[in-house]
Each structure stands twice: as structure tokens, then as C-alpha cells.
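In my numbering, the protein residues as written are 62 to 197. Where is the CB? At the ideal position from N, CA and C, for every residue including glycine.
What follows is the structure, encoded as C-alpha cells:
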């Protein structure tokens, strides 16, 4: 836990059609202006290791996703360990943990965001990141 500077919100605005080009989703997660980070960072000394935090995502005010850090498939130390096996981490690097269940692409019927939609990512003890969807 000593390598962690702090915690923030990240809005992973995936480009789903690009994710389907291969079995590796990286391409669909790395387009310009598709990931929001912030609105600030809460330093690690303010949130002790293994603190249970609640994560939520709202689309136009309606809750789409809701889970706690206890429900994460891979815990933060394991993510750091894994990423460190294939790249050198340096101060300032940002690691993103993934998303709770409930993404729009997996809903029946699928729910796609459109220009003008408002997305809020909230982590208790951290804050709320708000993004508006713009036309590409």
C-alpha cells in the first residue's frame, strides 16, 4: 500500500465497436477524450488500506452501477503486482481498477450513451466526477 499516492474517480468511456476488433479490449479504452479523471485526488493517508468504499455510476440521474471495493475481482495490491510484471511503474502513473457490473452494453436491451447525456461516477470518501457526452 505504500506505493499508492491517492484515490480518484475515473470514467472509462469505452468505444465498444473498437473493443470487438480483438479479444484484447485495450484499443477500445484508449481513444482521445474518452476517459475522465478527477475531480481531484484524495491522498492515501486520508483513506486507510482496505477501507470499504462504495462505487456508483449514474446516467442522467439514474443509478446504473453500484458496488463496493469488497466486491472487486482483483484487489488493489494484486492489480499493482500484476501490472508491475509487464511494465515499470513510476510516480504519477494511474491504475484503473475496472467497473462494477451493470454496463450498458450488457443490459437487455443494450443501453448506449448519446450526446447530451450526463454521467456521474461517485466513490464515497473520494467525490463525484461528472462528464457530459459530446458528439464525436
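Could you name the residues of the same chain whose beta carbon sits closer than 6 Å to that of residue i, not counting the 5 residues immediately before and after it, in chain order?
| i | result |
| --- | --- |
| residue 191 | 181 |
| residue 183 | 117, 189 |
| residue 119 | 181 |
Count the other CB atoms within 10 Å of the CB of residue i; is the residue buried (16 or more) or exposed (fewer)?
| i | result |
| --- | --- |
| residue 156 | exposed |
| residue 143 | exposed |
| residue 134 | exposed |
Could you check whether residue j and residue i sit closer than 9 Å to each other, using their CB atoms as the reference points?
| i | j | result |
| --- | --- | --- |
| residue 101 | residue 188 | yes |
| residue 141 | residue 194 | no |
| residue 115 | residue 185 | yes |
In whole angstroms, give me the CA-to-CA distance for residue i and residue j.
| i | j | result |
| --- | --- | --- |
| residue 96 | residue 167 | 20 Å |
| residue 113 | residue 131 | 6 Å |
| residue 98 | residue 72 | 6 Å |
| residue 136 | residue 177 | 34 Å |
Pull up the CB-CB distance for residue i and residue j, whole angstroms please, since I reckon it's below 8 Å.
| i | j | result |
| --- | --- | --- |
| residue 127 | residue 161 | 7 Å |
Near residue i, what residues of its chain come up, given a Cβ to Cβ distance below 7 Å and the 5 sequence neighbours on each side ignored?
| i | result |
| --- | --- |
| residue 124 | 117 |
| residue 179 | 121, 191, 193 |
Using a Cβ-Cβ cut-off of 8 Å (strictly less than) and excluding sequence neighbours within five positions of residue i, which residues of its own chain qualify?
| i | result |
| --- | --- |
| residue 104 | 66, 67 |
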